[in-house]
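J.: Respectively, the protein sequence lines represent chains A and B.
Each step along the first sequence adds one to the number in numbering that gives the first Met the number 0, with nothing skipped, and position 257 is 256.
Each step along the second sequence adds one to the number in numbering that gives the first Met the number 0, with nothing skipped, and position 72 is 71.
From the three backbone atoms N, C-alpha and C, an ideal C-beta is built for every residue, glycine too.
Could you have a look at this structure, given as structure tokens, before my questions?
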Amino acid sequence: MSDKNKGLNRAREIYLDSSRRARELRAAGKKVIGYPCAYVPLEMLTALDLVPYRTCADMKEPVTEADRALPHSFCPVMRNCLDCALKGRNDFLDGMVAIHSCDPQEKTARIWESYTHYPYFHFIDMPITVRPEALEYFKGQLDDFRKTLEAFTGRKLSADKLETAIRSHNRQRALVRELFELTKPSPPRISGTEIMQVVKALTGLPVAEGNDLLIETIDEVKKRTGRPESKPARLLIWSSTLDDTDVMQVFEARANVVMNESCGGIRAYKGEIKLTADPLEGLADYYLNEITCARTFRQAALGETKKDYARDLQSRFGYLKGIIRDWKVSGVVLLLVRYCDPFAFEMPSLKDYLNTIGVPNTYIEYDYTAGALAPMRTRVEAFIETISQR
Amino acid sequence: MVVQKEKKTINRLKSMYPLRAKVNETYLKSIEAIQAGKPAVWGMLNFYYGDPILKAMDIEVVYPENYGAIAAAMGVARQYLERADAEGFPTHLCGYSLTTLGYASRMMKELKGQIPPEAPLGGMPKPLFLMSSAAICDARYKWFQALGRYMDVPVWPLEAPIPGIKEFFIEGYYDKMVKLGVKHLKDFVAFVEKMVGKKMDWDKLDKTANLMIEVNRVWHEVNELRKTRPCPMHSRDFWSAMPAALFLAGDLEDSLRLYQDMYREVKDRVDSHVGAIPDEKYRMVFAELPPWHSLAFFDKLADRGWNFVIESFGYHPPIPLDISKVSDPLERITKFSLQFLVGYFEDARKQNVLGGTSAYPYLKYAREWKCDGALLHPLITCRSASTHLPYVSDMLLEKLKVPSLSIEGDIVDLRLFNPEDALARAEPFEETMEHYKKLRKQAGFDW
Chain A
0 MSDKNKGLNR AREIYLDSSR RARELRAAGK KVIGYPCAYV PLEMLTALDL
50 VPYRTCADMK EPVTEADRAL PHSFCPVMRN CLDCALKGRN DFLDGMVAIH
100 SCDPQEKTAR IWESYTHYPY FHFIDMPITV RPEALEYFKG QLDDFRKTLE
150 AFTGRKLSAD KLETAIRSHN RQRALVRELF ELTKPSPPRI SGTEIMQVVK
200 ALTGLPVAEG NDLLIETIDE VKKRTGRPES KPARLLIWSS TLDDTDVMQV
250 FEARANVVMN ESCGGIRAYK GEIKLTADPL EGLADYYLNE ITCARTFRQA
300 ALGETKKDYA RDLQSRFGYL KGIIRDWKVS GVVLLLVRYC DPFAFEMPSL
350 KDYLNTIGVP NTYIEYDYTA GALAPMRTRV EAFIETISQR
Chain B
0 MVVQKEKKTI NRLKSMYPLR AKVNETYLKS IEAIQAGKPA VWGMLNFYYG
50 DPILKAMDIE VVYPENYGAI AAAMGVARQY LERADAEGFP THLCGYSLTT
100 LGYASRMMKE LKGQIPPEAP LGGMPKPLFL MSSAAICDAR YKWFQALGRY
150 MDVPVWPLEA PIPGIKEFFI EGYYDKMVKL GVKHLKDFVA FVEKMVGKKM
200 DWDKLDKTAN LMIEVNRVWH EVNELRKTRP CPMHSRDFWS AMPAALFLAG
250 DLEDSLRLYQ DMYREVKDRV DSHVGAIPDE KYRMVFAELP PWHSLAFFDK
300 LADRGWNFVI ESFGYHPPIP LDISKVSDPL ERITKFSLQF LVGYFEDARK
350 QNVLGGTSAY PYLKYAREWK CDGALLHPLI TCRSASTHLP YVSDMLLEKL
400 KVPSLSIEGD IVDLRLFNPE DALARAEPFE ETMEHYKKLR KQAGFDW
């Protein structure tokens, strides 16, 4: 029998009460810093012994308070995040750091800062291209982030401490990749729902505790005899955010979700930060270049004077081909959270790419509310039926 | 039967007409030149960053954002929207972007590169390249990237830093923004040179940059005169006159002369106490893009004594900054462009209004232009122009006791704006404005 305080059970408990551990740590004297997005370089928080805590949205919580600050036709995830903050759910935070990964986050951050009163608040600007001057600017942004963190904590962020933190977070990235390796067999050894619980739990824990949880979980899954039932389809879900098990279970009722390519899944863990002489250089490069979110403008060659659509698609979506092959994906779901412009603009082009490489795919849109699950279920069932007959 | 022309209540500026005519004439000449084979670029409103470079290189630019508004007003946008929908673009995307995507699909897939015959004002020909911008919203660079489905033309996405108000004051922050801008523009010039096969004339760029800055300085001074009571110039004149300064539409030397004429006319009105409407009862700030298709609506409000004395921050010139000593034109352009955004920051920090680079200017406007109310116009498919409006409304009331009336519309879907309904809401809102005028007096405000 598995230990209730370990591995998958522990991940599930933290998933259900994601701020519990952060609150405990704060009661024990640690400082907790919130962040809403996978682009925030957590290594810099860890290096200063700050506890990073992801201020996730809660799909089950109807938005009421955020109405006074944001319009309805706006990213429902950020609206929901702000709503939770305005309802006091994050009042234990000592500070908050937001980043210009997308327009809704940039705009919500301003309002968040204005309506809440954390002792610390910092906004990191982020360029849209991966050009050398953009990378240099972003590194400068991280350096300014360092300055405000040092002023807040009264401690120096040394290169040594930062390098140690980078190693710990790289270890976490490697362990998450190892966890996803367990979905390669058929049937997978771990479900998409279980993985989501683990990944979300990581965002509420200090990195060392998160790494322990991953080690326990991987060990438990490898040893356990039971595994998820084999379903008629193996899905990859591509989305901005997929972090709620109710949504995942709509898919897993009929299919095995073997890859969650969103910031609630593998997206923030696919790569590794290079250890550079100036650690900020490695951090800037990783966060700007390596995270495969639609917010970044990618092209086949920087400053290209000729355009070739096939090469363009390859530069934007080519990373998916290896995943589809290695995980034996039989269908891809393009899951769009309504009003998410960076992902919405990608939909026809990503479909073009997937059609080119011959993978069945479908586009489903929802508004990040529980009410959207019933129609989503119908769409998913139709898609699974279609690909099962191939 | 003699048809009597309806008398308009708004007293339009005479100097606006030649300026507008010059802009229109330049646009038509530009379309003729493009149709005769001169290369054209599709550009995104970029807040002075890329335009002077293209202007100095004598490149014709068409702006799909403007074209989206034209297509909507002339009733042809619907078919492009439907086509974009059929191509798989979600319907909640920016209406201008969907219009352009549908248009590009029709032109390239259906008509093999020919301009659609139904396209108004000569249409937009296939461009040599696309110049997008990261300023203001995600749509404005993702949309041009998405056009790659239809057109094998390269895209240059212009970077546009958006700092936090507090963070901007970290030592060295501004210099890093300038460094990014200068290097980025240098590479952009090299890109443009490759695309058009000729070298930049740096003296011409220098002159173009100076003219752009001077045109905008005079335009800023015109708008400063509007602080006078009664306000001598209505928002309708602002919207008619803005393209020459914002998009650098037309010849810049002509524009400078015409804006100077406008300054003189507005100053004369100030000196002789002539307002833009006969009886100014309520001084209004208008927020975001106006309903282009229903501008006559403002005449009805003028009948009620509503004078629109200031409007959308996003289309106003930067607060003047002395950059005459900056010798590198790229650095001058960068600093001028950055000023559009950061020119308000010092004041915003002092007032402790941190909630948005787009939000603070409305507080400054309401305070300095002494507004009685704000008419907010949230747009269903333009999130960048709508997101900050609830916050603006909240701040105006909390900090200045200035109430807001929010009337929803859209940039392409004309059905969403109902002028009759809006007018019906005007009367009760006047009572609200009267109430808050008393509260402002009690709180010690001077208007």
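#1: Compare the C-beta of Val352 (chain B) against all C-beta atoms of chain A and say whether one is closer than 9 angstroms.
#2: Tell me where the alpha helix (DSSP H) around Trp368 (chain B) begins and ends.
#3: Excluding five sequence neighbours on each side, which residues of the same chain lie with their C-beta closer than 7 angstroms to the C-beta of Lys436 (chain B)?
#4: Could you name the residues of the same chain whose beta carbon sits closer than 6 angstroms to that of Ser234 (chain B), not counting the 5 residues immediately before and after it, in chain order?
#5: Taking Cβ-Cβ distances below 8 angstroms as the criterion, which residues of the segment 295 to 312 of chain A are in contact with chain B?
#6: Please list, in chain order, the residues of the segment 355 to 368 of chain A that have any C-beta partner in chain B closer than 8 angstroms.
#7: Given 8 angstroms as the limit, is there contact between the segment 193 to 203 of chain A and the segment 4 to 21 of chain A, that is, 3 or more CB pairs closer than that?
#8: Would you tell me roughly how many angstroms separate the C-alpha atoms of Tyr365 (chain A) and Gly317 (chain A), rounded to the nearest one?
#9: Any beta carbon of chain A sitting closer than 9 angstroms to that of Leu388 (chain B)?
#10: With C-beta atoms as the reference, is Val31 (chain A) less than 9 angstroms away from Ala21 (chain A)?
#11: Is Phe316 (chain A) close to chain B, meaning its C-beta is less than 9 angstroms from at least one C-beta of that chain?
#12: Tell me Met283 (chain B)'s beta-bridge partners as DSSP assigns them.
#13: Is there a Cβ of chain A sitting closer than 9 angstroms to that of Phe190 (chain B), yes or no?
#14: Select from A:Ala343, A:Leu334, A:Thr368 the residue whose C-alpha is nearest the C-alpha of Ala138 (chain B).
#15: Listed in chain order, which residues of the segment 340 to 352 of chain A have Cβ atoms closer than 8 angstroms to some Cβ of chain B?
#16: For Val257 (chain A), I'd like the list of residues in its chain whose CB is within less than 6 angstroms of its CB, leaving aside the five on either flank, ordered along the chain.
#17: Val60 (chain B) by DSSP, collapsed to three states: which one?
#18: Counting Cβ pairs, one atom from each stretch, are 3 or more of them under 8 angstroms apart for the segment 32 to 52 of chain A and the segment 140 to 158 of chain A?
#19: Output yes or no for whether 9 angstroms exceeds the beta carbon distance between Lys280 (chain B) and Leu422 (chain B).
#20: From Ala373 (chain A) to Pro126 (chain A), what does the alpha carbon distance come to, in whole angstroms?
#21: Below 8 angstroms on the Cβ atoms is my guess for Leu329 (chain B) versus Val181 (chain B); work out the distance and round it to an integer in Å.
#22: So who's on the other strand from Gly94 (chain A), going by DSSP bridges?
#23: What's the C-alpha gap between Leu92 (chain B) and Leu146 (chain B)?
#24: Name the residue from B:Asp346, B:Val195, B:Phe128 whose alpha carbon lies nearest to the alpha carbon of Val40 (chain B).
#25: Can a CB atom of chain B be found closer than 9 angstroms to the CB of Lys106 (chain A)?
#26: For the beta strand (DSSP E) that contains Met258 (chain A), what are its first and last residues?
#27: So, does the CB of His183 (chain B) fall closer than 9 angstroms to a CB anywhere in chain A?
#28: As a quick exercise: from A:Asp245, A:Val358, A:Leu312, pick the residue whose alpha carbon is nearest that of Arg324 (chain A).
#29: Verify the CB distance criterion: does Lys178 (chain B) have a CB-CB separation below 9 angstroms to chain A?
#30: Could you run through the segment 11 to 27 of chain A and flag, in chain order, every residue whose CB is less than 9 angstroms away from some CB of chain B?
#31: Taking only beta carbons into account, state which residues of the segment 136 to 158 of chain B come closer than 8 angstroms to chain A, listed in chain order.
#32: Once DSSP output is grouped into helix, strand and coil, what is the label at Val406 (chain A)?
#33: Helix, strand or coil: how does DSSP classify Val352 (chain B) here?
#34: Mind reading off the beta-carbon distance from Ile69 (chain B) to Val195 (chain B)? Whole number of angstroms is fine, and I expect it under 8 angstroms.
#35: So with Cβ pairs under 9 angstroms, would you call Ile290 (chain A) a contact of chain B?
#36: How would you write the range of the beta strand (DSSP E) that Val75 (chain B) sits in, first residue to last?
T.: Straight from the coordinates:
#1: At least one chain A Cβ lies under 9 angstroms of Val352 (chain B).
#2: Segment: none, Trp368 (chain B) is in no alpha helix (DSSP H) and carries neither H nor E.
#3: Here Lys436 (chain B) has Asp371 as same chain residues with Cβ atoms under 7 angstroms from its own Cβ, once five neighbours each way along the sequence are excluded.
#4: Excluding five sequence positions before and after Ser234 (chain B), the CB atoms of its chain that fall closer than 6 angstroms to its own CB belong to Phe285, Phe307, Glu310, given in chain order.
#5: So the list reads Phe296, Gln298, Gly302, Glu303, Thr304, Lys305, Lys306, Asp307, Tyr308, Asp311, given in the order they occur along the chain.
#6: For chain B, the residues of the segment 355 to 368 of chain A that bring a beta carbon within less than 8 angstroms of one of its beta carbons are Tyr362, Glu364, in chain order.
#7: Taking a cut-off of 8 angstroms on C-beta distances, the segment 193 to 203 of chain A touches the segment 4 to 21 of chain A, as three or more cross pairs fall below it.
#8: So the alpha carbons of these two residues sit roughly 26 angstroms apart.
#9: Cβ-Cβ to chain A under 9 angstroms: yes for Leu388 (chain B).
#10: Contact annotation: Val31 (chain A) and Ala21 (chain A) have beta-carbon atoms nearer than 9 angstroms.
#11: Judged by the 9 angstroms Cβ criterion, Phe316 (chain A) is not in contact with chain B.
#12: For Met283 (chain B), which the question treats as bridged, DSSP gives the partners B:Phe307, B:Gly372.
#13: Closer than 9 angstroms: yes.
#14: When each option's Cα is compared against that of Ala138 (chain B), the closest is A:Ala343.
#15: From the segment 340 to 352 of chain A, only Asp340, Pro341, Ala343, Phe344, Glu345, Met346, Pro347, Ser348, Lys350, Asp351 have a Cβ closer than 8 angstroms to chain B.
#16: A distance below 6 angstroms between beta-carbons, with the five flanking residues on each side excluded, links Val257 (chain A) to the following residues of its chain, in chain order: Thr182, Pro187, Arg233, Trp326.
#17: Of the three classes helix, strand and coil, the one that applies to Val60 (chain B) here is strand, per DSSP.
#18: Touching, per the Cβ criterion.
#19: With contacts defined as CB atoms closer than 9 angstroms, Lys280 (chain B) and Leu422 (chain B) fail to qualify as a contacting pair.
#20: Rounded to whole angstroms, the gap between the alpha carbons of Ala373 (chain A) and Pro126 (chain A) is 38 angstroms.
#21: Cβ-Cβ separation between Leu329 (chain B) and Val181 (chain B): approximately 5 angstroms, consistent with a contact (criterion under 8 angstroms).
#22: In the DSSP assignment, the residues bridged to Gly94 (chain A) are A:Ile32, A:Tyr119.
#23: One C-alpha to the other measures close to 14 angstroms.
#24: In terms of Cα proximity to Val40 (chain B), the closest of B:Asp346, B:Val195, B:Phe128 is B:Phe128.
#25: Among the CB atoms of chain B, one or more fall inside 9 angstroms of the CB of Lys106 (chain A).
#26: Run containing Met258 (chain A): 255 to 260, per the beta strand (DSSP E) assignment.
#27: Answer yes: the Cβ-Cβ gap between His183 (chain B) and chain A drops below 9 angstroms somewhere.
#28: Distances from the CA of Arg324 (chain A) to each of A:Asp245, A:Val358, A:Leu312 were compared; the closest alpha carbon is that of A:Val358.
#29: True, the Cβ-Cβ gap to chain A drops below 9 angstroms.
#30: Residues of the segment 11 to 27 of chain A with a Cβ closer than 9 angstroms to any Cβ of chain B: none.
#31: Per Cβ criterion, the list reads Cys136, Asp137, Ala138, Tyr140, Lys141, Trp142, Gln144, Ala145, Gly147, Arg148, Met150, Asp151, Val152, Pro153, Val154, Trp155, Pro156, Glu158.
#32: Since the first and last residues shown for chain A are 0 and 389, residue 406 (chain A) lies out of range.
#33: Val352 (chain B): coil per DSSP, three-state reduction.
#34: With a Cβ gap of about 26 angstroms, Ile69 (chain B) and Val195 (chain B) do not count as contacting.
#35: Not closer than 9 angstroms to any Cβ of chain B, the Cβ of Ile290 (chain A) fails to qualify, so no.
#36: Per DSSP, Val75 (chain B) belongs to no beta strand (DSSP E) and is neither H nor E.
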